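Below is one structure, written out as C-alpha cells, with a few remarks after it.
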Amino acid sequence: MSRGAKTVTFYRKGLGSRGEEEAVAYLSGLGYQIMTRNYRCRLGELDIIAKDQQGVLVFVEVRSRAGHSHGLPEESINYRKQNKLRMLAQQYLLTHPKLKEAPCRFDVVAVEFTPNGEKKDIRHIKNAF
Numbered sequence: 033m034s035r036g037a038k039t040v041t042f043y044r045k046g047l048g049s050r051g052e053e054e055a056v057a058y059l060s061g062l063g064y065q066i067m068t069r070n071y072r073c074r075l076g077e078l079d080i081i082a083k084d085q086q087g088v089l090v091f092v093e094v095r096s097r098a099g100h101s102h103g104l105p106e107e108s109i110n111y112r113k114q115n116k117l118r119m120l121a122q123q124y125l126l127t128h129p130k131l132k133e134a135p136c137r138f139d140v141v142a143v144e145f146t147p148n149g150e151k152k153d154i155r156h157i158k159n160a161f
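The opening residue of the sequence shown carries number 33 in this note's numbering; numbering runs sequentially from there.
Here it is, written out as C-alpha cells:
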C-alpha cells in the first residue's frame, strides 16, 4: 500500500471514529441509553445499540463524510448493507435473549465534517429502513 493510500485509510478510520463519538454524544443528549458500541460477530459490526426513552431497542448505523463529492453520508447505505445490518441485529438478539421481545428499529446518524475536520452537521434518521 502506498503512503498516500495509508494516509487516506487512516483519515477515513479517524473520521469514522469521530463520527461515532459525535453520534453517541448526540443520542445520549436525547436521553438514549447506549448499551453497546461496535458490536462484532462473524457477520460484521453494528456501530451503536441503544434504547430510546420509550424502551425501543435501536440499532444505529453511523455514516461520516467530509464534503459531498461522494454524496451525503446516509446515501451510502444500500439495500445490501441494510440486509447485513438486519442479520447482525438478529444475531445480537440471539445472544441477548432477554431483549428478543423488545420492539426494535434501525436508525441512521449521518455526521458531516468540514474538509479541515470540524463538525458541520448531524442528522438522525429514525426508522431509516
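Cβ atoms here follow ideal geometry from the backbone N, Cα and C, with glycine treated the same way. Given the structure is predicted, the values throughout are model-derived calculations rather than measurements.
Along the chain, where does the beta strand (DSSP E) that runs through T68 open and close? Unbroken beta strand (DSSP E) run through T68: 65–73.
In chain order, which beta strand (DSSP E) runs of at least 3 residues are fully inside the stretch 80–114? Listed in chain order, the beta strand (DSSP E) elements of length 3 or more contained wholly in the stretch 80–114 are 89–98.
Quick check on A57: does DSSP put it in helix, strand or coil? Three-state DSSP puts A57 in a helix.
Hey, I157 and D139 are a contact pair by Cβ (cut 8 Å); roughly how many whole angstroms apart? Confirmed, Cβ separation roughly 6 Å.
For L78, which of helix, strand or coil comes out of DSSP? Strand, per DSSP.
How do the stretch 63–76 and the stretch 104–111 stand: do at least 3 beta-carbon pairs fall below 8 Å, yes or no? Result no; under three Cβ-Cβ pairs closer than 8 Å.
What are the start and end residues of the beta strand (DSSP E) that includes A134? Run containing A134: none; DSSP gives neither H nor E here.
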